[in-house]
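Single-structure report; data block below.
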Amino acid sequence: MKELENPVFIDPTTDEGFKRLFGDKINLINFLNIIFRGRKVIVDLTYRDTERVGAAEDIGTVIFDLMVETSTGQEIIIEMQTSRHSNLKKRMLYYASKVISDKAPHGDRRGWAYSLPEVYTIVLMDGFHMPDSSSRGHLHDICLCDRDSGKVFYEGLGFIYMELINFVKGEAELESELDKVFFMLKNMSRLKKLPRILNSGVFQRFFQLASYAKLTKEERYMYDISLKRKWDAEAVRQAQEEDRQELLAKQQALEAQRQALEAERQALEQSKQVLEESKQVLEQNKQVLEQSKQALQQKQQALEEAHAYNLAQAHREALSEGERKKAIESARIMLSKGYDRQEICDLLGLTIEEVGNLK
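Residue 808 in our numbering sits at position 56 of the sequence shown, with consecutive numbering throughout.
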């Protein structure tokens, strides 16, 4: 193990730091009264065995980080979590349910009447966010409530999650006692002295117990090991987060490629449709051209027929004019020989005017 630089104050989120600070009854009472924000007032408490053995061989043993019972009978579980758990909420619910079920008497329960204690679970979360939550609040006070009205349905079961990673206030921004608790838990191991704003009896006791210089040699050794475990766990968590981010980046890249391929496929499909439409238009144009060609041929044929008819008509008219001239000449000869004009008209098919004009 590498030699560690001695801090001024220990880290309360390590196993040894947590046990040292919250293993002190006065510290824990002060802490709980601040966390409950006046809803509960704890005067005294008793530390309970943190190991809960299952009622049957097939039911596993549950070990809490800290378990206490108040002087008014409330049961409180305090858990310190420094690594992400996908089933954290379910596990805390199971812990609370275990405490409740253990209160049921064995055998005859006729006089019990479901006399249950109030059970609260407080979870200190360091270094990770609440699973399946988009909230960036640092305190989550959970209870059973009516979903429609929002009113508390049952006060005797509650969960308080303290999300240290979401607490971002600096020393000058601290307003409430709750702010000071969050600031202390998150920053104690980095401080060189007790901040002036925390210089009160409640927090002085925390910092006195947290003094690294006051630890015995054995306590320092155990704390250093505990701190190294936290660092190792943090390194593993960071590596997992990097792997997760890398996997997410690859998934996003694959999704981008898929979308690009889909866009290309759609573009090809559109091009295919355009080509098909162009083909149809060309086919229609071809039909129109063919129809125009046929119409032109019909028109040309009609013109040729009309031209032939006109030539024939002109020829006929030319022939008729020649015959008329011959009839006029014959009429002139017949007039000179004394034929009657009407008789000439009848024989030659001329009009009386045409014969009358002859000399």
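Each residue gets a CB set at the ideal place from its N, CA and C atoms; glycine is no exception. Just so it is clear, the structure is predicted and the values come from calculations on it, not from any experiment.
1. Among 882, 938, 872 and 1058, whose alpha-carbon lies nearest the alpha-carbon of residue 912?
2. Could you give the distance in angstroms between the alpha-carbon of residue 971 and the alpha-carbon of residue 759?
3. Along the alpha helix (DSSP H) that carries residue 953, what are the first and last residues, could you check?
4. Around the C-beta of residue 782, are 16 or more other C-beta atoms found within 10 angstroms, so that it is buried, or is it exposed?
5. Using CA coordinates, which residue listed in 1051, 1048 and 850 is at the minimum distance from residue 869?
6. Any idea what DSSP makes of residue 832, helix, strand or coil?
7. In whole angstroms, what is the alpha-carbon distance linking residue 942 and residue 926?
8. Mind reading off the beta-carbon distance from residue 746 to residue 946? Whole number of angstroms is fine, and I expect it under 8 Å.
9. Which of the three DSSP states is assigned to residue 881 in this structure?
10. Measure the alpha-carbon distance for residue 766 versus residue 1004 and round it to whole angstroms.
11. In angstroms, rounded to a whole number, what distance separates the CA positions of residue 1082 and residue 1045?
12. Rounding to the nearest angstrom, what Cα-Cα distance links residue 914 and residue 785 in this structure?
13. Run the proximity test for residue 1002: is its beta-carbon closer than 8 Å to any non-hydrogen atom belonging to the ligand NAP?
14. Take the Cβ of residue 839 as the centre, count every other Cβ of all protein chains shown within 10 Å, and call the residue buried at 16 or more, exposed below.
15. In angstroms, rounded to a whole number, what distance separates the CA positions of residue 772 and residue 799?
16. Looking only at its own chain, which residues have a Cβ that is under 6 Å from the Cβ of residue 880, when we skip the five neighbours before and after it?
17. Can you tell me the Cα-Cα spacing of residue 963 and residue 938, whole angstroms?
18. So who's on the other strand from residue 897, going by DSSP bridges?
19. By Cβ distance below 6 Å, which residues in the same chain neighbour residue 794 in space, the five residues on each side in sequence not counted?
20. Which of the three DSSP states, helix, strand or coil, is assigned to residue 927?
21. Specify the secondary structure class of residue 910 as computed by DSSP and reduced to three states.
22. In this structure, how does DSSP classify residue 946 when only helix, strand and coil are distinguished?
23. Straight-line CA distance for residue 1030 to residue 1015?
The relevant details are as follows:
1. 872
2. 14 Å
3. 953-961
4. buried
5. 850
6. strand
7. 17 Å
8. Any property of residue 746 remains undetermined from this structure, which presents the chain solely from 753 to 1111.
9. coil
10. 36 Å
11. 55 Å
12. 15 Å
13. This structure does not include the ligand NAP; it has no bound ligands of any sort.
14. exposed
15. 14 Å
16. 836
17. 16 Å
18. 904
19. 781, 784, 785 and 822
20. coil
21. strand
22. coil
23. 22 Å
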